[in-house]
Each structure stands twice: as C-alpha cells, then as structure tokens.
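This report concerns only the one structure given below.
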Amino acid sequence: MANEQHHDILIVGGGAAGVTVANTLLRKQSKLKIGLIEPSEKHYYQPGFTIIGGGEYTLAKTTKNEADLINPKVIWIKDYAETFQPENNSVTLRSGDKVTYDYLVVCPGLQLDWDKIKGLKETLGKNGVCSNYSAETVEYTWECIKSLESGTALFTQPPMPIKCAGAPQKIMYLAADRFRKKKILDKFSVQFCNAGPAMFGIPFFAKALDKIVAKYGIQTNFKHNLVEIDGPAKKATFEVAESDDKKTKVTIEFDMIHVTPPQSAPDFIKKSPLAADSGWVDVNQFTLQHNKFSNVFGLGDATTTPNAKTAAAVRKQAPVVVKNILKLMKQADLVEGYDGYGSCPLTTSIGKVMLAEFAYGGKVTPSFPVLDPRVPRWIWWWGKKVGFPWLYWAWMLKGYTLDIPHKESYAKRFTEES
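Whatever position you read off the sequence shown (first residue = 1), add 160 for the numbering used here.
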C-alpha cells in the first residue's frame with residue numbers, strides 16, 4: 161500500500177518534467193528507489209497541439225501510454241497528491257495514504273482556469289469556440305478553421321504567466337495562412353485580443369512578429385482580456401485596460417474564437433507550505449532548490465522561476481535538478497545550472513517557423529547563432545513536426561542528457577542589431 165511506501169526520491173507529477181527527472185536519475189544511479197505520483201494513464205506531447213489545431217498533425221501522434229514512458233524500476237503511484245508535510249518529509253494522497261521521502265521533486269504542471277471566463281465551459285467545443293490548450297478540445301480548432309469561409313476570427317491571450325506564451329498567436333498565423341492559401345483571407349477580420357501590451361514579451365522578437373501580423377492584415381487589440389463568452393449569440397466580452405485605474409468592457413461578435421484560458425498553479429500547490437505568495441512552488445531560479453525546504457526541488461510549469469513555461473525549459477531544468485539532488489546526497493555544493501532558457505517555435509505559416517530562444521532577462525540565446533532567429537525557416541518547421549517530437553520521446557523522456565548549447569555570447573550582437 162502507498163501508506164507503507166518510503167522512497168529515496170518522490171516525484172509529484174508525471175508529465176515532461178517528472179518522467180524526465182525519474183528516468184535521468186536512474187541512468188545516473190540505478191539503485192535509487194524512486195516513486196512517481198501521477199494519476200493519468202495518458203501522456204501528451206503538448207507542443208504538438210498547435211499544429212493539430214492547424215491541421216498539420218494528429219492527436220494520436222502526440223499521445224502515448226504513461227506506462228510505456230516510465231522506467232520499470234520506478235514505483236508508479238496512480239493517485240493525486242493532496243497535501244504536503246515537508247517538515248515530516250511526507251505527502252498525503254487523495255486516497256488518504258501517506259508516502260514518505262528523503263528528497264522531493266515537485267513538477268505537477270499548471271492548471272487551466274476555464275471557469276474564470278464566464279460562459280466558456282458551457283460553449284467550448286461548439287458554436288465556433290475552440291482551444292488548443294486541451295486534448296479534449298484541440299481537434300475542434302481545426303474543424304472551425306477548415307469549415308469557415310468568411311467572418312471574424314478572434315484569438316485571445318490572457319494575462320501572464322501561461323504555458324508557451326507564443327501558442328495563442330501561433331494558431332492565429334496558421335489559420336490566416338490557411339485562409340490565404342484558399343484565397344479567402346480578404347473575407348476575414350482576423351483579430352488578436354491580448355491582455356498584454358505587445359505581441360511578445362521580448363522586444364527583439366516582438367518587432368519581427370509585428371511584421372508577420374502586418375503581412376496577414378491582422379488587427380491587434382492589446383490590453384484586451386477575455387472575461388465572458390456567449391456562444392449561441394457568438395459574442396465575446398473583453399475587459400479593456402485603458403489606464404492603470406480605468407477599465408471598460410467591449411463586446412466583439414465572432415464567427416470563430418480560439419480561447420487561451422487563464423492559467424495558475426494547481427490549487428493543491430497554492431494551499432501548500434511549498435507555495436510562495438504567488439501560489440507557485442517557491443524555488444531558487446538557478447539551482448531549482450526550494451527556498452525553505454532544502455531537500456525539495458521544483459521544475460516545470462509549477463514553479464516561481466521567471467522563465468517561459470515550455471518543454472524546452474524542462475529539457476534544461478531536469479539535468480540541473482538531477483545533478484543537484486545527487487550533489488546534496490554527497491553533501492556537496494549545488495550548481496546554479498539553470499539560466500532561464502526557454503524556446504518558442506513560432507509557427508508563422510504552414511511550412512515555416514521562427515525559433516525564438518531566450519533566457520532570464522530576455523537575453524537572446526540561439527542554439528544556432530549563424531542563423532538570424534527572427535527569420536522564419538522551413539528547417540524549424542521540420543523540427544516542429546518531426547525533429548523536436550523525436551527528441552522529446554526518444555531522448556529527453558528516456559533520461560538521456562541532451563545538452564544542445566545555446567549561445568548567450570551572441571545575445572548582445574543580436575540585441576544591438578535589433
């Protein structure tokens with residue numbers, strides 16, 4: 161029974177971060193007793209959801225059985241983590257059982273707050289209301305795009321942080337390119353309704369994306385936060401921040417609307433002693449060690465680290481967590497190994513991708529610095545569809561060290577050129 165279990169290392173969350181850390185640890189120390197708390201039977205390659213919505217991929221290609229990904233030596237606890245007792249090195253499961261540990265790794269991902277938009281749950285998946293942010297709804301996005309011949313197509317982005325901050329606009333470009341290829345783009349009003357003030361948080365890439373927006377004739381509505389949807393009436397209501405202390409509401413009619421839901425730390429994390437005031441797991445942004453409990457580490461979407469919440473970030477974070485746990489076991493000094501790296505392959509059209517890579521402070525950190533990262537290229541489209549998924553399934557999740565260096569030394573040159 162789970163209440164009888166003690167583990168050298170206990171991992172909460174069996175997504176990209178949890179599976180990678182578990183399998184990497186066992187490659188380094190095969191005799192470790194590792195427990196993994198994860199209730200889901202299916203594992204999704206979420207970066208593929210954008211191109212499913214764009215009609216270039218299938219949900220089946222992004223889906224594998226969780227059991228096939230976890231090293232057989234890992235004890236898989238198919239339950240939900242309910243509460244944490246870090247002073248006693250234990251986690252209580254939803255079943256009521258307790259699991260104890262020497263070291264804890266917390267990586268449950270984030271939660272999608274569909275309920276924060278009034279009327280959304282009632283109409284999602286019908287009435288032209290779609291979203292790539294869930295396996296249950298992503299295929300409906302493509303149904304909307306391929307069936308629409310004219311009208312208003314809205315694409316929304318909520319306040320940060322969200323996972324893959326470029327995803328709300330990636331699907332917009334794919335839709336616009338589909339309309340262009342069918343020679344009906346002039347029959348559409350494509351609008352980007354972003355709660356933020358610009359196309360992207362890093363000006364270097366935002367300026368390049370402004371040109372993509374202009375090419376498609378997309379209307380940008382900044383500081384527009386979606387708060388309500390009336391699906392049958394095809395109306396979306398936004399709260400518009402006209403100034404710091406003045407907000408108004410505006411309603412826009414639509415024929416289709418792609419919604420990116422508000423996102424936050426999972427509720428069981430927010431109410432736990434591991435959370436910072438923001439609700440996220442409170443870790444050192446360089447070592448990924450918890451700021452209060454030294455035998456606790458966090459990575460992935462659920463932490464306070466101010467980086468882009470992407471699978472590429474996990475690829476860089478997981479080896480740091482593994483290395484530091486093993487160092488802690490030997491009472492050695494930890495390494496400040498994570499520099500905030502994240503990557504966002506921006507699908508600017510069918511067949512081309514702008515590969516945005518960056519670290520803490522908005523530093524431009526391209527892995528292939530001979531190529532201007534602001535230029536959309538077919539090679540990164542191949543990466544999006546073929547190369548990156550293969551690296552995810554065949555290397556990262558299996559625990560192989562996959563350290564493709566990124567060149568921070570080139571950041572200054574690129575920034576100066578921009």
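Using N, Cα and C, we set each Cβ at its ideal position, and we do this for glycine too.
A straight-line Cα-Cα distance of about 14 Å links E296 and H418. Going by DSSP, P422 is part of no beta strand (DSSP E) at all; its letter is neither H nor E.
In the DSSP assignment, no residue is bridged to I539.
Unbroken alpha helix (DSSP H) stretches of 4 residues or longer found wholly inside the region 236–299: 280–283, given in chain order. Taking T210 as reference, the option from E201, M320 and C290 with the minimal CA-CA separation is C290.
Beta-bridge pairing by DSSP links K469 to K323. For S527, the secondary structure class from DSSP, reduced to helix, strand or coil, is coil. Looking at the DSSP output, V410 shares a beta bridge with F398. For the pair D168 and N455, the CB atoms are not nearer than the 8 Å cut-off. Nearest neighbour of S438 by Cα position, chosen from I429, Q445 and F446, turns out to be I429. Each of K258, A401 and G543 was checked against the Cα of M514, and the nearest Cα belongs to G543. Taken in chain order, the complete alpha helix (DSSP H) segments of 4 or more residues contained in the region 305–386 are 327–341 and 363–376.
Close CB contacts of S250 within its chain, under the 6 Å cut and outside five residues either way in sequence, are with K258 and T260 (chain order).
Annotated as distal: I197 and D228, with beta-carbon spacing of 8 Å or more. Bounds of any alpha helix (DSSP H) do not take in K544, whose DSSP letter is neither H nor E. If only uninterrupted beta strand (DSSP E) runs of at least 3 residues are considered, those enclosed by the region 432–465 are 456–458. L557 places its beta carbon less than 8 Å from that of T180.
Per the Cβ contact rule, the region 350–368 is in contact with the region 326–341 (3 or more Cβ pairs under 8 Å). Here the alpha carbon of D493 sits roughly 22 Å from the alpha carbon of E247. Under the three-state reduction of DSSP output, P549 falls in the helix class. By alpha-carbon distance to F315, the top candidate from V350, P199, S307 and F364 is V350. Secondary structure of K224 (DSSP, three-state): strand. Assignment of I485 by DSSP, reduced to helix, strand and coil, places it in the helix class. For A182, the CB contacts under 7 Å within the same chain, skipping 5 residues up- and downstream, are I171, I194, L196, I230, N231 and V234 in chain order. The alpha-carbon separation between L345 and P318 amounts to approximately 26 Å. K512: not part of any alpha helix (DSSP H); member of the beta strand (DSSP E) spanning K512 to A519, first to last residue. Counting every other CB atom within 10 Å of its CB across the protein chains shown gives I539 a total below 16, marking it as exposed. For P533, the three-state secondary structure derived from DSSP is coil.
Check the Cα spacing between A473 and each of V495, K452 and A519: the tightest is with A519. With a beta-carbon spacing of about 5 Å, D461 and K323 fall inside the 8 Å limit used to define contacts. Counting only the Cα atoms, K347 lies some 11 Å from A336. Shown here, I194 sits in a strand according to DSSP, grouped into three states.
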